[in-house]
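In what follows, a structure is listed as structure tokens, so that the remarks can point back to it.
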Amino acid sequence: MTASPPAPSGTISSGWRPRRRAVVLLATTALAGLVAAGGAWWSAYQVHTALGGLGARAGSVIADPLSGRVRLTDVVSAAGGFRMRAGAISLQGGFALVPAAAAADPLIVNDVTVDAGDLAFRIPRIEVSGGSVSEQDLRGLFAKDDGDKLGSRLARLSASRIAMPSVTVESRHAGETGTVVYRDIVLTGVTNGVVASATASGGTVEGGTSASRVKGTFGPVSVQGADMPVVARFYTETSDSGATPLTTAYASFALDSLQLTTGDDVEVGIQKIAGSDIKLRPPTRPFSALMAQMGAAAETAKASDTAAQRSALAELLQSLAVGSIELLDTTVDDPDKHAETPKPTRGRIARATFAGSAAAHSMAFADIQLMPPDGRLTVGSLSYEGSFLDGRSGAPASGQSAATAIALRGTTIKMADLVADLPNDSAPTERLRFGLKSSSVVGSQPVDGVPAAWTAAVDHVTFALPSTSADDSIKTLIAMGYKTVDLSGTTDFDWRPATQELKLDNLTLSGADMATVKLGGVLGNVGKDIFSGDEALVQVALAGATVKSLSLSLADRGLANRLLARQADQEGKTPEDLRKAYGSAAAIIIPGFLGGSPQARTLGNAVARFIAKPGLLEITATARDPQGLGAADFMAAAGNPSNLLEQLDIKATAN
1 MTASPPAPSG TISSGWRPRR RAVVLLATTA LAGLVAAGGA WWSAYQVHTA LGGLGARAGS
61 VIADPLSGRV RLTDVVSAAG GFRMRAGAIS LQGGFALVPA AAAADPLIVN DVTVDAGDLA
121 FRIPRIEVSG GSVSEQDLRG LFAKDDGDKL GSRLARLSAS RIAMPSVTVE SRHAGETGTV
181 VYRDIVLTGV TNGVVASATA SGGTVEGGTS ASRVKGTFGP VSVQGADMPV VARFYTETSD
241 SGATPLTTAY ASFALDSLQL TTGDDVEVGI QKIAGSDIKL RPPTRPFSAL MAQMGAAAET
301 AKASDTAAQR SALAELLQSL AVGSIELLDT TVDDPDKHAE TPKPTRGRIA RATFAGSAAA
361 HSMAFADIQL MPPDGRLTVG SLSYEGSFLD GRSGAPASGQ SAATAIALRG TTIKMADLVA
421 DLPNDSAPTE RLRFGLKSSS VVGSQPVDGV PAAWTAAVDH VTFALPSTSA DDSIKTLIAM
481 GYKTVDLSGT TDFDWRPATQ ELKLDNLTLS GADMATVKLG GVLGNVGKDI FSGDEALVQV
541 ALAGATVKSL SLSLADRGLA NRLLARQADQ EGKTPEDLRK AYGSAAAIII PGFLGGSPQA
601 RTLGNAVARF IAKPGLLEIT ATARDPQGLG AADFMAAAGN PSNLLEQLDI KATAN
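FYI, my numbering numbers position 404 of the sequence shown as 404, with every residue one higher than the one before it.
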């Protein structure tokens, strides 16, 4: 067999063409491999450079030349008490043979542990979709200097979806530990750190001390409009002046079915918790320091710690605002298991709401029920409204009261429709039945954090008189024909700094089918020390006070006739006979006791007329000295009341 002659120059034989194509393909593949290897090496080099420059380290960095993905294992970063560890991170590198659109995979971080002092976070897996990780992002993730705070780093985070199978939050403070586990967390629409929507399927909670633990579960959680940078700044940053505006941290949130059990087997349940428009701003002092101050005060009775606690609380109140928070169907079941004879009790609040800020805040409760064995107490509504002055005034300075650390500008408390029907342990055959139609307390015009003007009212406090009572006053009322008592009252007083006066405009107590008593008066030389909160200073302030005027009004509504009828029955006389006798005695005894002056006779005659024909008795006494009568004046008149009467202008009428 002879060899074929070589092909003429410029031509390719049929046998050479396949071999040449194979060589070209082999060369192209080899070149692509070299390029891919170089790209993978370059991606790994970039990651190593970024980690090294930040003081972080990774056990290994592996780059996939086809997809361009880079996998980091055992990544650790620590600085300033903050430690983060990730078992593995998978992200897209800067080089890939396969186009990004074809190889798009989520960023995956496994086994994340973040230790930040009193708080620790554990996340088994984080999956980020619809986002990209650059070298700058990586630097931000492991940043350790204060020049790039957590809030700023979170503000650079954007992704269409972030999913985590669970997040465990562990807290440690002052001997107490707590653990909260969230399940199936999904964040969607994350733009510059703001989460459009976040959900969790539920979770568990546990906390307390070794001697007293609380455990529980909760159902689905949803959050809309969560601004993570704002939240991070509240916990990790401070504001020099406190003038940073409040910013919405959560547009709305909801949590279903919270169930808690204490170490004493007390069970607490809340059907739903919902809130909206929660605003935050960084406090002027670190959040951790504020919590430490409040914790220290709770463990000691030192005045300095108490002042610090009030200052810390005021700081927190100034740093948050709540549009609304609502709790639906809250129940508490106490088995009373430590009692010799357990008496299980159930409590329920149908609805509770909270709203406001330090400037103006409120809380309200509707349909409150307390259900002990064989009894029931209900309250239709209970509410509180208040406001604070500048809560950042801090601890006492220059003689200021500690109360200025959290100064009330005004407060209003209201209650309505209280009804009780309870067993009477001291008299098993009797029931304790009482009620209240409405009540209110309003405080305003603060001095050193204590309202100096108060108005209060109670309407229709009713209670049944127990027939077996051993109390003499109750026995007397029953003997006069009363089976129930119905009381109402008001009070209105204020301190006037310009004149250093404490004025009682009205103190009224009235009983249905009984009487109405009204008191009034003005005290002079009352300084602001009366609001200091210091018992010694208050006593000194009251000791120096003077009486400028007093007034008494008594309107009979049936009590006088019942008293006379009972007394007449006991003495075997008629009510009319006693009326004449008591009236005549008053006209003689009162003037005689007071010295027989014209003013004394005026007073005695008015009382005598009231006894003879009960109606309205009005008495006023005004000091002739504009400065009023002091303690020395009253002491001097102890043995001779006429001396005191000479220093007063008395007016008395009866009709």
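C-beta atoms are modelled at their ideal positions from N, C-alpha and C, and glycine is treated no differently.
Inset, instruction - Could you check if Gly572 is buried or exposed, using at least 16 other CB atoms within 10 Å of its CB as the buried criterion? - result: As a first step, residue 572 is located in the sequence shown; it is residue number 572 there, counting from the start. Answer is exposed; the Cβ neighbour count stays below 16.
Inset, instruction - Determine the direct distance from the alpha carbon of Ser311 to that of Ser393, and round the result to whole angstroms. - result: Along the sequence shown, one-based indexing puts residue 393 at 393. Along the sequence shown, one-based indexing puts residue 311 at 311. In this prediction, Ser393 has a pLDDT of 40, which is less than 50 and means its spatial position is unreliable; what the coordinates show is noted afterwards. For Ser393 and Ser311, the distance between alpha carbons rounds to 7 Å.
Inset, instruction - Taking Ala656 as the reference, give the member of Leu564, Glu176, Gly275 and Ser439 with the closest Cα. - result: Here the chain comprises residues numbered 1 to 655, so residue 656 is not present and cannot be evaluated.
Legend entry - Classification of Ile185 by the beta-carbon crowding that lies within 10 angstroms, buried from 16 upward: Residue 185 sits at position 185 when you count from the first residue of the sequence shown. It is buried - the Cβ of Ile185 has at least 16 other Cβ atoms within 10 Å.
Legend entry - Within 9 Å, strictly: CB atoms of Ser549 and Thr622: Sequence index remark: in the sequence shown, residue 549 carries index 549 (1-based). Sequence index remark: in the sequence shown, residue 622 carries index 622 (1-based). Result yes, Cβ atoms of Ser549 and Thr622 sit closer than 9 Å.
Legend entry - Under the three-state DSSP convention, the category Ala249 falls into: Sequence index remark: in the sequence shown, residue 249 carries index 249 (1-based). Ala249: strand per DSSP, three-state reduction.
Inset, instruction - Tell me, to the nearest whole angstrom, how far the beta carbon of Thr284 is from that of Glu315; I am working on the premise that it is less than 8 Å. - result: Counted from its first residue, the sequence shown places residue 284 at position 284. Counted from its first residue, the sequence shown places residue 315 at position 315. Indeed they touch by this definition, with Cβ atoms about 6 Å apart.
Legend entry - Counted within 10 angstroms of its Cβ, other Cβ atoms place Val607 as buried (16 or more) or exposed: Taking the first residue of the sequence shown as 1, we reach residue 607 at position 607. By the neighbour-count rule (16 or more Cβ atoms within 10 Å), Val607 is buried.
Inset, instruction - Return the CA-CA distance between Met164 and Val128, expressed in angstroms with no decimal places. - result: Translated into the one-based positions of the sequence shown, residue 164 becomes position 164. Translated into the one-based positions of the sequence shown, residue 128 becomes position 128. The alpha-carbon atoms of Met164 and Val128 are separated by roughly 9 Å.
Legend entry - Same chain only: Cβ atoms within 6 Å of Ala555, ignoring 5 sequence neighbours per side: In the sequence shown, residue 555 corresponds to position 555, counting from 1. Excluding sequence neighbours, Ala555 sits near Thr516 and Leu616.
Inset, instruction - Leaving aside the five residues before and after Leu507 along the sequence, list all residues of the same chain whose C-beta is less than 6 Å from its C-beta, in chain order. - result: As a first step, residue 507 is located in the sequence shown; it is residue number 507 there, counting from the start. Same-chain partners within the cutoff: Thr491 and Leu519.
Legend entry - Residues of its chain near Thr468, where Cβ-Cβ distance is below 8 Å and the 5 sequence neighbours each way are ignored: One-based indexing of the sequence shown puts residue 468 at position 468. Answer for Thr468: Ala427, Thr429 and Glu430, listed in chain order.
Inset, instruction - Measure the beta-carbon distance from Leu661 to Val458 and round it to whole angstroms, keeping in mind my assumption that it falls under 8 Å. - result: No information on residue 661 is available, as it lies outside the stretch 1 to 655 that the chain covers here.
Legend entry - Pairwise C-alpha distance: Val169 and Val214: Within the sequence shown, numbered from 1, the residue matching residue 214 stands at position 214. Within the sequence shown, numbered from 1, the residue matching residue 169 stands at position 169. Looking at the two C-alpha atoms, the distance is approximately 16 Å.
Legend entry - Where the alpha helix (DSSP H) containing Ser584 begins and where it ends: What you label residue 584 is simply residue 584 of the sequence shown in a count that begins at 1. Taken as a continuous stretch (DSSP letters only), the alpha helix (DSSP H) holding Ser584 covers Pro575 to Phe593.
Inset, instruction - Classify Pro672 as helix, strand or coil using the three-state DSSP reduction. - result: Residue 672 falls outside the range modelled here, since the chain spans only 1 to 655, and no answer is possible.
Inset, instruction - Quick one: grab the DSSP three-state call for Ala403. - result: Looking up residue 403 in the sequence shown gives position 403. The predicted model places Ala403 with a pLDDT of 41, which falls under 50 and marks its position as unreliable; any figure quoted below should be read in that light. Helix at Ala403.
Inset, instruction - Evaluate the contact criterion for the segment 225-234 versus the segment 263-273: three or more CB pairs, one atom per stretch, below 8 Å. - result: no
Inset, instruction - For the alpha helix (DSSP H) containing Ser642, list its first residue and its last residue. - result: Start at 1 with the first residue of the sequence shown, and residue 642 comes out as number 642. Taken as a continuous stretch (DSSP letters only), the alpha helix (DSSP H) holding Ser642 covers Pro641 to Leu645.
Inset, instruction - Compute the distance between the beta-carbons of Ala456 and Ser439, then report whether it is under 9 Å. - result: Numbered from 1 along the sequence shown, position 456 holds the residue referred to as residue 456. Numbered from 1 along the sequence shown, position 439 holds the residue referred to as residue 439. Yes. Within cutoff.
Inset, instruction - Within its chain, find whatever has a CB closer than 7 Å to the CB of Gln445; leave out the 5 residues flanking it on each side and keep chain order. - result: The sequence position of residue 445 within the sequence shown is 445, counting from 1. The answer, listed in chain order, is Pro451, Ala452, Ala453 and Asp494.
Legend entry - Validate contact between the segment 316-331 and the segment 351-368 using beta carbons, cut 8 Å, 3 pairs: yes
Legend entry - Proximity winner among Pro591, Thr574 and Leu523, relative to Asp625 (alpha-carbon distances): Counted from its first residue, the sequence shown places residue 625 at position 625. Checked all of Pro591, Thr574 and Leu523; the closest Cα to Asp625 is Leu523.
Inset, instruction - With DSSP as the reference, label Asn110 as helix, strand or coil. - result: Start at 1 with the first residue of the sequence shown, and residue 110 comes out as number 110. Reduced to three states, the DSSP call for Asn110 is strand.
Inset, instruction - Measure the alpha-carbon distance for Ala638 versus Asp513 and round it to whole angstroms. - result: Here residue 638 corresponds to residue number 638 of the sequence shown, with the count starting at 1. Here residue 513 corresponds to residue number 513 of the sequence shown, with the count starting at 1. Cα to Cα, Ala638 sits roughly 37 Å from Asp513.
Legend entry - Where Leu563 sits in the DSSP three-state scheme: Residue numbering aside, residue 563 sits at position 563 when the sequence shown is read from its first letter. Three-state result, Leu563: helix.
Inset, instruction - Look at the Cβ atom of Val332, then the Cβ atom of Arg376, and state whether they are nearer than 9 Å. - result: As a first step, residue 332 must be located in the sequence shown, where it is residue number 332. As a first step, residue 376 must be located in the sequence shown, where it is residue number 376. Not closer than 9 Å, so no.
Inset, instruction - Flag this pair as yes or no: are the beta carbons of Asp334 and Thr341 separated by less than 9 Å? - result: Taking the first residue of the sequence shown as position 1, residue 334 is located at position 334. Taking the first residue of the sequence shown as position 1, residue 341 is located at position 341. Taking 9 Å as the Cβ cut-off, Asp334 and Thr341 do not qualify as a contacting pair.
Inset, instruction - Assign Leu465 to one of three DSSP states: helix, strand, or coil. - result: Within the sequence shown, the letter at position 465 stands for residue 465. Coil at Leu465, not helix or strand.
Inset, instruction - Alpha carbon to alpha carbon, how far is Ser584 from Val485? Give it in angstroms, no decimals. - result: Numbered from its first residue, the sequence shown carries residue 485 at position 485. Numbered from its first residue, the sequence shown carries residue 584 at position 584. The straight-line gap from Cα to Cα measures roughly 32 Å.
Inset, instruction - Tell whether a beta-carbon distance below 9 Å holds between Lys503 and Gly527. - result: The sequence position of residue 503 within the sequence shown is 503, counting from 1. The sequence position of residue 527 within the sequence shown is 527, counting from 1. No, Cβ-Cβ distance for Lys503 and Gly527 is not below 9 Å.
Legend entry - In chain order, each beta strand (DSSP E) run of at least 3 residues that lies wholly inside the segment 172-229: 176-191, 194-200, 202-208, 213-218 and 221-227
Legend entry - Reduced DSSP category for Met514 - H, G, I as helix; E, B as strand; rest coil: Position 514 of the sequence shown, counting from 1, holds the residue named residue 514. Here Met514 sits in coil by DSSP.
Inset, instruction - Select from Asn643, Ala536 and Ala652 the residue whose C-alpha is nearest the C-alpha of Pro587. - result: Within the sequence shown, residue 587 is the residue found at index 587, counting from 1. Rather than Pro, the amino acid found at residue 587 in this sequence is Ala. Considering only alpha carbons, the answer is Ala652.
Legend entry - Burial state of Thr476, where buried means 16 or more other Cβ atoms lie within 10 Å: In the sequence shown, the residue the question calls residue 476 occupies position 476. Exposed: under 16 other Cβ atoms inside 10 Å.
Inset, instruction - Answer yes or no: do Gly131 and Leu154 have a C-beta to C-beta separation smaller than 9 Å? - result: By 1-based counting over the sequence shown, the position of residue 131 is 131. By 1-based counting over the sequence shown, the position of residue 154 is 154. It is not a contact, given that the beta carbons lie outside the stated cut-off.
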